[in-house]
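Visitor:
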Amino acid sequence: MIDLKFLRENPEAVKQNMKNKFQEHKLSMVDEVIELDAKARRTQQEADELRASRKKLSKQIGVLMGQGKKEEAEEIKAQVNAGAQRLAELEALERELSEKVTNIMMAIPNMIDPSVPIGPDDSCNVEIEKFGEPTVPDYEIPYHTDIMEKFNGIDLESAAKVAGNGFYYLMGDIARLHSAMTTYARDFMIDRGFTYCIPPFMIRSNVVTGVMSFEEMDAMMYKIEGEDLYLIGTSEHSMIGKFIDTIHSEEKLPYTLTSYSPCFRKEKGAHGIEERGVYRIHQFEKQEMIVVCKPEESKVWYDKLWQNTVDLFRSLDVPVRTLECCSGDLADLKVKSCDVEAWSPRQKKYFEVGSCSNLGDAQARRLKIRVRGQDGSKYYAHTLNNTVVAPPRMLIAFLENNLNEDGSVNIPTALRPYMGGKERLVPSTN
Numbered sequence: 006m007i008d009l010k011f012l013r014e015n016p017e018a019v020k021q022n023m024k025n026k027f028q029e030h031k032l033s034m035v036d037e038v039i040e041l042d043a044k045a046r047r048t049q050q051e052a053d054e055l056r057a058s059r060k061k062l063s064k065q066i067g068v069l070m071g072q073g074k075k076e077e078a079e080e081i082k083a084q085v086n087a088g089a090q091r092l093a094e095l096e097a098l099e100r101e102l103s104e105k106v107t108n109i110m111m112a113i114p115n116m117i118d119p120s121v122p123i124g125p126d127d128s129c130n131v132e133i134e135k136f137g138e139p140t141v142p143d144y145e146i147p148y149h150t151d152i153m154e155k156f157n158g159i160d161l162e163s164a165a166k167v168a169g170n171g172f173y174y175l176m177g178d179i180a181r182l183h184s185a186m187t188t189y190a191r192d193f194m195i196d197r198g199f200t201y202c203i204p205p206f207m208i209r210s211n212v213v214t215g216v217m218s219f220e221e222m223d224a225m226m227y228k229i230e231g232e233d234l235y236l237i238g239t240s241e242h243s244m245i246g247k248f249i250d251t252i253h254s255e256e257k258l259p260y261t262l263t264s265y266s267p268c269f270r271k272e273k274g275a276h277g278i279e280e281r282g283v284y285r286i287h288q289f290e291k292q293e294m295i296v297v298c299k300p301e302e303s304k305v306w307y308d309k310l311w312q313n314t315v316d317l318f319r320s321l322d323v324p325v326r327t328l329e330c331c332s333g334d335l336a337d338l339k340v341k342s343c344d345v346e347a348w349s350p351r352q353k354k355y356f357e358v359g360s361c362s363n364l365g366d367a368q369a370r371r372l373k374i375r376v377r378g379q380d381g382s383k384y385y386a387h388t389l390n391n392t393v394v395a396p397p398r399m400l401i402a403f404l405e406n407n408l409n410e411d412g413s414v415n416i417p418t419a420l421r422p423y424m425g426g427k428e429r430l431v432p433s434t435n
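For any residue, its number in the working numbering is found by taking its place in the sequence shown, counting from 1, and adding 5.
(1) Of the choices V345, H387, S413, whose alpha-carbon is the least far from that of E134?
(2) Where does A275 fall in DSSP's three states?
(3) When we look at the beta-carbon of A386 and count the other beta-carbons within 10 Å, is it buried (16 or more) or exposed?
(4) Decide if Q292 is buried, meaning its Cβ has at least 16 other Cβ atoms within 10 Å, or exposed.
(5) Helix or strand or just coil, what does DSSP make of D233?
(6) Can you check DSSP and say which residues form a bridge with N108?
(7) Classify P267 as buried or exposed, calling it buried when 16 or more other Cβ atoms lie within 10 Å of its own Cβ.
(8) Any idea if A275 is buried or exposed, counting beta-carbon neighbours within 10 angstroms, 16 or more meaning buried?
(9) Take every Cβ of the region 336–355, pair it with every Cβ of the region 227–236, and state whether three or more of those distances are shorter than 8 Å.
(10) With I117 as the anchor, note down where its beta strand (DSSP E) starts and where it stops.
(11) Would you kindly work out how many angstroms separate the C-alpha atoms of K304 and N406, rounded to a whole number?
(12) Work out the CA separation of K155 and L420 for me, nearest whole Å.
(13) Applying the criterion that 16 or more other CB atoms from any shown protein chain within 10 Å of the CB defines a buried residue, is T48 buried or exposed?
(14) State whether the region 135–142 contacts the region 383–399, with contact taken as three or more CB pairs (one from each stretch) at a distance under 8 Å.
(15) Assuming contact is defined by CB atoms lying nearer than 8 Å, are Q368 and G158 in contact in what I supplied?
(16) Starting from F11, follow the alpha helix (DSSP H) in both directions and report where the run begins and ends.
(17) Identify, in the order they occur along the chain, each residue of the same chain with its Cβ nearer than 8 Å to the Cβ of I252, setting aside the five sequence neighbours on each side.
(18) Candidates D8, K10, D42, H149: which alpha carbon is nearest R285's?
(19) At a cut of 8 Å, does the region 316–333 reach the region 23–36 through at least three beta carbon pairs?
(20) According to DSSP, F269 sits in a beta bridge with which residue or residues?
(21) Does DSSP put C330 in a helix, in a strand, or in coil?
(22) Strictly by DSSP, which residues pair up with F136?
(23) So what's Y423 in DSSP terms, helix, strand or just coil?
(24) Put M294 into one of helix, strand or coil per three-state DSSP.
(25) Under 8 Å between the Cβ atoms of N170 and V340?
(26) If we ignore side chains and look at the alpha-carbon of each, how far apart do I123 and M111 end up?
(27) Return yes when the Cβ of P417 is within less than 8 Å of the Cβ of D366, no when it is not.
(28) Can you give me the C-alpha to C-alpha distance between K247 and P205, rounded to a whole angstrom?
(29) I295: buried (16+ other C-beta within 10 angstroms of its C-beta) or exposed?
(30) Give me the residue from V394, I109, L364, E302 with the minimum Cα distance to D316.
(31) Measure the C-alpha to C-alpha separation of D151 and I401 and round it to an integer number of angstroms.
(32) Three-state secondary structure (DSSP) at F356?
(33) Contact defined as beta carbons within less than 8 Å: I believe Q288 pairs with F172. What is the distance between those atoms, to the nearest angstrom?
(34) Taking DSSP as the reference, what is the three-state secondary structure of I208?
(35) Do the CB positions of L338 and S254 come within less than 8 Å of each other?
As structure tokens, this is what we get:
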């Protein structure tokens with residue numbers, strides 16, 4: 006959510022930002038919120054004047070009663086009572102207008118960074134850099150579930166009976182590999198100075214609306230029936246929520262946290278074979294990283310965060326690239342974002358395995374995460390998040406890039422301590 010004062014003083018800039026994000030249908034919101042805000046401020050001014058008048062008149066009543074001038078005191082009491090009725094009306098109007106302004110402001114997209122490329126959708130995302138040499142072996146790379154089945158490592162059929170489509174059982178070495186990746190990712194981030202955390206896997210509605218737009222919430226979140234609780238779509242939600250309605254001393258920043266959690270999402274792709282298997286699912290596990298910092302430090306942390314993911318994937322012999330997300334591909338709260346994509350030798354192209362985002366002060370403004378400066382002033386923190394690793398997609402990238410012609414899978418040196426020292430996985434079926 007952007008600053009209302011900024012919108013009030015820069016309406017054309019806010020409208021241009023909407024155009025850059027291809028959200029022309031929201032342009033009228035700017036004028037609407039300015040009009041409502043002006044009415045709200047007029048209402049508040051009148052209410053404040055009535056409160057001041059009531060205070061002054063109340064003192065006069067006390068003086069008159071002390072002087073025995075009861076009739077004059079009663080006349081002034083009548084004025085106070087009349088003013089009280091009007092004040093009640095104004096206070097109700099204040100609440101109504103404030104709610105309307107807030108609802109509109111939460112639908113207005115955040116101001117994107119000037120460096121963001123302009124484009125309507127992800128087809129306009131721009132490649133930044135490649136890391137590692139993408140190769141295609143001279144033998145066939147099977148589909149990822151076919152590789153897993155050679156190890157008796159996946160059971161989609163039973164999962165469909167138990168929970169429906171979009172779920173899976175991982176078994177044996179494949180399940181162990183999945184757990185090894187999350188544990189390795191945890192230690193990788195701890196070694197980089199991040200504090201490990203296991204957060205709540207459910208959050209209240211005020212946290213949901215604090216960390217994402219209404220559109221994202223509707224598309225992603227599972228609501229717990231009869232409770233003010235939602236299953237998290239990523240641990241970033243509860244990790245940022247940890248700081249709700251808090252004030253932090255400047256010298257304590259930044260907070261750098263890495264978290265493990267299961268993730269639950271309503272979205273389920275059905276757009277061809279590449280989004281089947283374990284690529285796009287209702288439930289998965291993930292290691293995440295978040296940063297809460299001073300505004301002037303968020304750009305530096307943004308680059309550090311995506312570099313962490315690149316370094317982790319390269320340590321597991323997976324080539325990756327980074328893509329700058331264009332304006333139309335940015336969620337409403339994001340200032341700047343890039344995707345990390347892993348190389349798929351089977352598809353002969355890259356596919357998304359993580360996303361790094363700088364949200365500026367949008368989440369902090371919604372959740373009231375503030376910083377107290379050395380001079381005593383208060384301002385909103387900046388928040389960032391990035392995927393360390395989401396094993397279902399990492400499994401796909403890992404298996405394809407470390408698969409040998411005989412069907413075995415190499416275990417990179419960094420992962421061997423988490424796999425009981427194994428250097429290679431050998432399929433149990435041919």
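C-beta: ideal position from N, C-alpha, C; glycine also.
Guide: This is what the structure holds:
(1) It is V345.
(2) Note that A275 has pLDDT 46, beneath the 50 cutoff, so the model's placement of it is unreliable and the number below is only indicative. Shown here, A275 sits in coil according to DSSP, grouped into three states, outside any helix or strand.
(3) Residue environment analysis places A386 among the buried positions, since at least 16 neighbouring C-beta atoms fall within 10 angstroms of its C-beta.
(4) In this structure Q292 is buried. Its beta-carbon is surrounded by 16 or more other beta-carbon atoms within 10 angstroms.
(5) Note: D233 maps to coil in three-state DSSP.
(6) DSSP, once it has assigned bridges, lists no residue as partnering N108.
(7) Here P267 is exposed, its C-beta having fewer than 16 other C-beta atoms within 10 Å.
(8) Any reading at A275 must be qualified, since the residue scores a pLDDT of 46, below 50, and its modelled position is unreliable; no value is offered.
(9) Look at the beta carbons and you see the region 336–355 not touching the region 227–236: under three pairs across the two are nearer than 8 Å.
(10) From DSSP, I117 is part of no beta strand (DSSP E); its letter is neither H nor E.
(11) Their Cα atoms are separated by approximately 32 Å.
(12) Approximately 21 Å, taken between the alpha carbons.
(13) Classification of T48: buried, given that the 10 Å Cβ count is 16 or more.
(14) Flag = no, the region 135–142 and the region 383–399 do not touch.
(15) For Q368 and G158, no; Cβs fall outside 8 Å.
(16) First-last of the alpha helix (DSSP H) with F11: 9–14.
(17) The residues are R375, V376, R377, K383.
(18) Measuring from the Cα of R285, the nearest candidate turns out to be H149.
(19) Note that the region 316–333 touches the region 23–36; at least 3 beta-carbon pairs, one per stretch, sit closer than 8 Å.
(20) Bridge partners of F269: Q288.
(21) Coil, per DSSP.
(22) Bridge partners of F136: V325.
(23) If DSSP states are grouped into helix, strand and coil, Y423 belongs with the helices.
(24) If DSSP states are grouped into helix, strand and coil, M294 belongs with the strands.
(25) With a cutoff of 8 Å on beta-carbon distance, N170 and V340 are scored as not near each other.
(26) Near 22 Å, if we compare the C-alpha coordinates of M111 and I123.
(27) Not in contact: D366 and P417 (Cβ atoms no closer than 8 Å).
(28) Straight through space, the alpha carbons of P205 and K247 are spaced by roughly 9 Å.
(29) Residue environment: I295 is assigned as buried (16 or more neighbouring CB atoms within 10 Å of its CB, all protein chains considered).
(30) Looking at V394, I109, L364, E302, the one whose alpha-carbon comes closest to that of D316 is V394.
(31) About 11 Å.
(32) F356 falls in the strand class under three-state DSSP.
(33) The Cβ separation is near 6 Å, so the contact holds.
(34) Residue state, collapsed to three classes: strand.
(35) Not in contact: L338 and S254 (Cβ atoms no closer than 8 Å).
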